[in-house]
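As they're listed, the protein sequences go chains A and B. Per the working numbering, the first sequence runs over residues 1381 to 1657. Per the working numbering, the second sequence runs over residues 6 to 297. See below for the structure under consideration.
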Amino acid sequence: MYKVKYALATVFKYATLLFGAFVALLPIVVVLFASFKTGKEYMSTSPLAPPENWLNFENYVRAFVEGNMLSGFINTTIILLISITGATLLGSMIAYILHRFKFRGSKLLLGAFLLATLIPGVTTQVATFQIINELGLFNTRWAAIILYLGTDIIAVYIFLQFLDTISVSLDESAMLDGASYFTIYRKIILPLLKPAIVTVIIVKGINIYNDFYTPFLYMPKADLQVISTALFKFKGPYGSQWEVISAGIMLAIIPTLIVFLSLQKYIYNGFSQGSVK
Amino acid sequence: MFKFSNLSYETQKRIIIVAFSIIPVVLLITFAYVPVFSMIFYSFTDWNGISKQKHFIGLENYVTLFTNPEYFKVFKVSMYYFFATFIQMGLALYFATILSFKVRMKNFFKGVLFFPYLLNGVAIGFMFLIFFRPDGTLDTVLKAIGLGAFIQKWLGNPDIINISLAGTSVWRYMGFNFIIFLGAISSIPKDVYEAAEIDGANRWHQFRYIILPSLKRIVQLNFILAISGAISVFEIPYIMTGGANGSETFVIQTVNIAFKYGKIGLGSAMGVVLLIIVIIVTLIQRSAFKEE
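Listed below in structure tokens is the structure:
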């Protein structure tokens, strides 16, 4: 009796897992199929039918060229590189002084950073927009970069948490050797923060790559489009050419898939650490 | 020659505090705090975003907001997303629990269940437009398994559209809760299970008395986040339907009023209301945690 129950539980377990995997993959697989179909084929075949010719890259070429996705990839890369480098440097610097020094106002400053996470960015866009506009940053890449640097405080958090695990006695022994505070930051703290930096790069990198709101609102100019906004533009003119849109979707997903497959372990760790504040 | 390390530590400390904090602090003030205050200020004016003049009109925007139930009708839409979060967490908890024990192809299942969370929001929106369209993926699957009679206009019927969109949201975010729960469960020492097994505990007992209590805090936190998440839903409905057919959320409405119709004053008042709601929810959460 116990064995039967156990076997049933196992069947149920695998059935639900397979069903879960099926639901997670189905929308993606259908898009993959569609991206290789010709327009006629797409209209006449079932969405679940694989394409006749797996080497029909015509939709990809059209999506890439007509959708101007190259400029999307270039803009996304520029914004990603500057924002992540900036967030890593600024975040680790402010975390270093907030964690290691007690000075007048240090508690207040720490509180100001913690409190800022309570303000959801999406609620204040109306006013943020005016600031970006007055600074003359509207319709420049700097609008996105500066917002990713200034409003997302998650990097500071991750670094503050990680600094707890770096012993102050390391700083002290370096001071006995006459190292300056800057040397301590540069030669001791920054290298030891490496695992936290990896987390910041992954969490911020994925958020920035996927962000739609900021570039849509602040950089509507055609040659400033990023992946998200380039893809969004397919909606009007390609309204009925779902096979071309599918190729566009695949082009946006492929970099994510490559990063995921090559950095799986770091990604799992990054998200489970970065989120629990 | 001048060298930074020749200065006394006291002087160094002063210099480095200023040097290392100036940029982050300026950014923090400019982009986190100034917008809140200027938004409160705009909410008392009739500003349209372009004109040089802002007329102070007192509480008029708030009166407009609270005397027109239309503006709050959109909160009904939030309820769909809020309830969807319960399903999302339940699924995440279930998959995290079974994948914490011995399972074949564990890494494959883990990867597949988590992967949607990493995807670009616009790509997801389009994917589900293809999924829900008439004769699209969902309809084909339903027909194939003999449930063709249940086919609906998934995105055309105002009674169903929010369920479809909230379902898309579950598809997108389930992996995030899943990976967090998985991390939390893996931090439970293995010998706790062994000890429980010796005492005759079955899998259900282990879940009920070991796993669930150790996840309590994270589950609580995620539920509270779900409330603020549900009222600030924007991306999926905006990309997929633009807020049509009764799928408009509070944020879509705010963005349209402020940027499409140029009513910065009224839009700001809505932003203030949203901010107050989110802060109240967060404060309740903080005080609930303090009791423990």
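The beta carbon of each residue, even a glycine, is placed where N, CA and C say it ideally should be. This one's a predicted model, so the numbers in the text were calculated from it and none came from an experiment.
| Query | Result |
| --- | --- |
| Quick check on the burial criterion: 16 or more other C-beta atoms within 10 angstroms. Buried or exposed for residue 1524/A? | buried |
| Shorter than 8 angstroms from the beta carbon of residue 15/B to some beta carbon of chain A? | no |
| Does DSSP put residue 246/B in a helix, a strand or coil? | coil |
| Going by DSSP in three states, residue 1656/A sits in which element: helix, strand or coil? | A caution first: residue 1656/A carries a pLDDT of 48, below 50, which makes its placement in the model unreliable, though a value can still be read off. Coil at residue 1656/A, not helix or strand. |
| If we count the other Cβ atoms within 10 Å of its Cβ and call it buried at 16 or more, is residue 1450/A buried or exposed? | exposed |
| Are the stretch 181 to 196 of chain B and the stretch 1644 to 1653 of chain A touching, with three or more C-beta to C-beta distances below 8 angstroms? | yes |
| Once the 5 residues before and after residue 1614/A are set aside, which same chain residues still bring their CB inside 8 angstroms of it? | 1443, 1447, 1624, 1625, 1628 |
| State the Cα-Cα distance for the pair residue 1/B and residue 175/B, rounded to the nearest angstrom. | Lying before the first or after the last residue shown, residue 1/B is absent from chain B, which here runs from 6 to 297. |
| Give the interface partners of residue 1584/A over in chain B, defined as CB-CB distance under 8 angstroms, in chain order. | Ordered by position in chain B, no residue passes the 8 angstroms Cβ test against residue 1584/A, which lies about 13 angstroms from the chain. |
| Thinking C-beta only, is residue 182/B closer than 8 angstroms to residue 94/B? | yes |
| Verify whether the separation of the beta carbon atoms of residue 1455/A and residue 1604/A is less than 8 angstroms. | yes |
| Mind checking whether residue 1581/A and residue 1462/A have CB atoms under 8 angstroms apart? | no |
| Report yes or no: is there a C-beta of chain B within less than 8 angstroms of the C-beta of residue 1622/A? | yes |
| Could you name the residues that DSSP lists as bridge partners for residue 255/B? | Its beta-bridge partners do not exist; DSSP assigns none. |
| Note down, in chain order, each residue of its chain lying with its Cβ closer than 8 angstroms to the Cβ of residue 1573/A, except the 5 sequence neighbours on either side. | 1472, 1539, 1542, 1543, 1546 |
| Closer than 7 angstroms by beta-carbon distance: list the chain B residues that pair up with residue 1500/A, in chain order. | 233, 237, 283 |
| Closer than 8 angstroms, Cβ to Cβ, to anything on chain B: give me those residues from the stretch 1414 to 1428 of chain A, in chain order. | 1414, 1426, 1427, 1428 |
| Report the rounded CA-to-CA distance for residue 24/B versus residue 17/B, giving the unit in angstroms. | 10 angstroms |
| Name, please, each residue of chain A whose Cβ falls closer than 7 angstroms to the Cβ of residue 121/B. | 1404 |
| Could you tell me which chain B residues have their CB closer than 8 angstroms to the CB of residue 1511/A, listed as they occur along the chain? | 35, 36, 39, 40, 43 |
| Let me check one thing: in DSSP terms, what residues is residue 1562/A bridge-paired to? | Its beta-bridge partners do not exist; DSSP assigns none. |
| At a Cβ threshold of 8 angstroms, is residue 1452/A touching chain B? | no |
| When you compare each of 1590/A, 1641/A, 1619/A, 1622/A to residue 1453/A by their alpha carbons, which one comes out closest? | 1590/A |
| From residue 1495/A to residue 274/B, what does the alpha carbon distance come to, in whole angstroms? | 21 angstroms |
| What did DSSP end up calling residue 1497/A once you bin it into helix, strand or coil? | coil |
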